[in-house]
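Visitor: Got a structure for you, questions after.
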Amino acid sequence: MRFGNAAILWLLWLVPILWGVLYLARNAARRRTQAFTGVVLESALVKDRRSGRRAGRAALRLLALALLIVAAARPQWGASQVEVQRKGSDVVFVLDISRSMLAEDIQPSRLTRAKLELSDLLDRLAGDRVGLVFFAGAAFPQCPLTVDVSAARLFLSQADPSMIGSQGTDLQAALETALELFDTEEGAYRAILLVTDGEDFAGGLEEITRKLSRAGVVVFTVGMGSTEGAPIPLIDERGQRQGFLRDEKNQVVMSRLNEEALVKLAQQTGGIYLRAGSGGLDLARVTAALSRVQSRRYEATRVTSYQERYAWPLAAALVILLLEPWLLADRRRGE
């Protein structure tokens, strides 16, 4: 036998604790009665038979509580082998973590908003394998393709400009790294979701666009920021703001969303361009866009399936609670 939610079994400690509390309360009440009436009179007033019935009722109720806890822990037995055929697409999130993503024209910042939106999007990609690439002036894979959404979300939460020493924005390197995460076989089940402010300081975007098109990889681009631009805050190791980034002429650098490059990249690979507004991304639209990518069937796997048996302890607890008033009922008048 196994339990689907074994952590709940710790609540069984409540049963002996409650029994002890009831025992101490009963003794305290008896001592108060004895102090008021005396031992002899107290013995005449308190009938052992009634006291035994009260203890019996308490025991039955605690037994019902224990059975309810066991039912909530979902006992399982009776295993069988089931073949599971999984179907889905491969999607790589490519996230810009350059310093320009710290601009606050999207609250609380471009990068923070992107992390929140992508984290919510992970829950909508049921059955898909998801990978993660971070980039700035260089790029590196942060998470390989996986169906483990929790792992991908954990890696995503760690995104920060300090992870890459080479600043700037190299879209070609980011897309090359994402392409390497996919299987070598070609197919229409592969997509890249590029989240960036679109500033590209390295060039080579046309070359990688042609390469992605030949490989059948669809690129969906998400623009973070505004075309009006915003200054780039400088954050120290303690997370404190130390002014804004300045150029050689001591002028505050303004980071602006470059939509033209992102629109062109999406169109040439069969994807679409989406812009994150002040309220963030329209996740329903992003999910609908990604659903256009054709899925494929992955190799079937055999998993062990267990029969849920929580109904047995649940039914026993309900029977005890329903019959308890009659099981130890006092037949004597006046009781």
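The numbering used here applies: residue 923 is where the sequence shown begins, and numbers increase by one.
Every residue gets a Cβ at the ideal spot worked out from N, C-alpha and C, and that includes glycine.
1. Consult DSSP for P1155 and reduce its assignment to one of helix, strand or coil.
2. Grouping DSSP H, G and I as helix and E and B as strand, with all else coil, what is I1114?
3. Determine the closest residue to R894 out of T1191, A1183, Q1190, with distance taken between C-alpha atoms.
4. Please confirm whether F1142 and A1211 have their CB atoms less than 8 Å apart.
5. Go to R1197, then tell me how far its alpha helix (DSSP H) extends in each direction, as first and last residue.
6. Expressed to the nearest angstrom, what Euclidean distance is found between the alpha-carbon atoms of L1054 and L1043?
7. Tell me whether the beta-carbon of A1074 lies closer than 8 Å to the beta-carbon of T1099.
8. Since V1140 and V1052 should fall inside the 8 Å C-beta cutoff, what is the C-beta to C-beta distance between them, to a whole number of angstroms?
9. Beta carbon of D1027, beta carbon of G1147: below 8 Å?
10. How many Å lie between R971 and R954 at the Cα?
11. My assumption, with CB atoms under 8 Å, is that L1024 sits in contact with P1155. Please give the rounded CB distance.
12. With DSSP collapsed to three states, give me the class of A995.
13. Following the continuous beta strand (DSSP E) through F1062, name the residue where it begins and the one where it ends.
14. Below 8 Å on the Cβ atoms is my contact criterion, and I expect G1059 with Q1089 to pass it. Report the Cβ-Cβ distance as a whole number of Å.
15. Using the DSSP secondary-structure output, state which residues sit across from L1054 in a beta bridge.
16. Taking just the CA atoms, how far does A995 sit from A1113?
17. Let me know if N927 comes out buried or exposed under the rule of 16 or more other beta-carbons within 10 Å of its beta-carbon.
18. Tell me which residues share the same chain as S1177 and place their Cβ nearer than 7 Å to its Cβ, disregarding the 5 neighbours each side in the sequence.
19. How big is the Cα-Cα spacing for Q902 and Y1195?
20. Going along the chain, which residues of its own chain have a beta-carbon closer than 7 Å to the beta-carbon of Q1229, five neighbours each way excluded?
21. Quick one, which of F1077, G1145, Y1111 has its alpha-carbon nearest D1204's?
22. Assign D1092 to one of two classes, buried (16 or more other C-beta atoms within 10 Å of its C-beta) or exposed (fewer than that).
23. Quick test of your reading: L1134 and L1101, contact by CB under 8 Å. State the CB separation rounded to the nearest angstrom.
24. So, for A986: in the same chain, excluding its five sequence neighbours on each side, which residues have a beta-carbon less than 6 Å away from its beta-carbon?
25. Taking the alpha-carbon positions, what's the E1159 to E1129 distance?
26. Using the DSSP secondary-structure output, state which residues sit across from T1143 in a beta bridge.
Guide: Quick answer:
1. Residue mapping note: residue 1155 aligns to position 233 of the sequence shown, counting from 1. P1155: strand per DSSP, three-state reduction.
2. Your numbering for residue 1114 matches position 192 in the sequence shown. Strand, per DSSP.
3. This structure leaves residue 894 out entirely; the chain is present only between 923 and 1257.
4. For the purposes of this step, residue 1142 is taken as residue 220 along the sequence shown, with counting starting at 1. For the purposes of this step, residue 1211 is taken as residue 289 along the sequence shown, with counting starting at 1. Contact flag set, yes.
5. Sequence index remark: in the sequence shown, residue 1197 carries index 275 (1-based). From DSSP, R1197 is part of no alpha helix (DSSP H) but of the beta strand (DSSP E) over 1195 to 1198.
6. Walking along the sequence shown from the start, residue 1054 turns up at place 132. Walking along the sequence shown from the start, residue 1043 turns up at place 121. The straight-line gap from Cα to Cα measures roughly 13 Å.
7. Indexing the sequence shown from 1 puts residue 1074 at position 152. Indexing the sequence shown from 1 puts residue 1099 at position 177. Result no, Cβ atoms of A1074 and T1099 do not sit closer than 8 Å.
8. By 1-based counting over the sequence shown, the position of residue 1140 is 218. By 1-based counting over the sequence shown, the position of residue 1052 is 130. So it is not a contact: roughly 15 Å between Cβ atoms.
9. For the purposes of this step, residue 1027 is identified with residue 105 of the sequence shown, where counting begins at 1. For the purposes of this step, residue 1147 is identified with residue 225 of the sequence shown, where counting begins at 1. Their beta carbons are under 8 Å apart, which means D1027 touches G1147 by this criterion.
10. Position 49 of the sequence shown, counted from the first residue, corresponds to residue 971. Position 32 of the sequence shown, counted from the first residue, corresponds to residue 954. The pLDDT assigned to R971 is 49, lower than 50, so where the model puts this residue is not dependable; a value taken from the coordinates is nonetheless given after this. Each residue's alpha carbon lies about 20 Å from the other.
11. Start at 1 with the first residue of the sequence shown, and residue 1024 comes out as number 102. Start at 1 with the first residue of the sequence shown, and residue 1155 comes out as number 233. Sure, about 5 Å apart at Cβ, within 8 Å.
12. Walking along the sequence shown from the start, residue 995 turns up at place 73. In the structure shown, A995 sits in coil (DSSP, three-state: anything other than H, G, I, E or B).
13. What you label residue 1062 is simply residue 140 of the sequence shown in a count that begins at 1. Taken as a continuous stretch (DSSP letters only), the beta strand (DSSP E) holding F1062 covers 1061 to 1068.
14. The residue labelled residue 1059 in the question sits at position 137 within the sequence shown. The residue labelled residue 1089 in the question sits at position 167 within the sequence shown. Right, their Cβ atoms sit about 5 Å apart.
15. Locating residue 1054 in the sequence shown gives position 132, where the first residue counts as 1. The partner list for L1054 (beta bridge, DSSP) reads F1015, C1065.
16. As a working mapping, residue 1113 is identified with position 191 in the sequence shown. As a working mapping, residue 995 is identified with position 73 in the sequence shown. The alpha-carbon atoms of A1113 and A995 are separated by roughly 40 Å.
17. Translated into positions along the sequence shown, residue 927 becomes position 5. So N927 ends up on the exposed side.
18. As a working note, residue 1177 is residue 255 in the sequence shown. Within the same chain, S1177 has close Cβ partners S1022, A1025, D1119, E1121, G1147, G1151, A1152, I1154.
19. Outside the displayed range of the chain (923 to 1257) lies residue 902, so it cannot be described from this structure.
20. Taking the first residue of the sequence shown as 1, we reach residue 1229 at position 307. So the qualifying residues of the chain are Q998, W999, G1000.
21. Residue mapping note: residue 1204 aligns to position 282 of the sequence shown, counting from 1. It is G1145 whose Cα lies nearest to the Cα of D1204.
22. As a first step, residue 1092 must be located in the sequence shown, where it is residue number 170. With 16 or more other Cβ atoms within 10 Å, it is buried.
23. Position 212 of the sequence shown, counted from the start, is the residue given in the question as residue 1134. Position 179 of the sequence shown, counted from the start, is the residue given in the question as residue 1101. Correct: roughly 7 Å between the Cβ atoms.
24. Here residue 986 corresponds to residue number 64 of the sequence shown, with the count starting at 1. If we look at A986 and ignore the five residues flanking it on each side, its Cβ neighbours are A1239, I1242, L1243.
25. Within the sequence shown, numbered from 1, the residue matching residue 1159 stands at position 237. Within the sequence shown, numbered from 1, the residue matching residue 1129 stands at position 207. Each residue's Cα considered, the two are about 37 Å apart.
26. Residue mapping note: residue 1143 aligns to position 221 of the sequence shown, counting from 1. Partner(s): L1116, Y1195.
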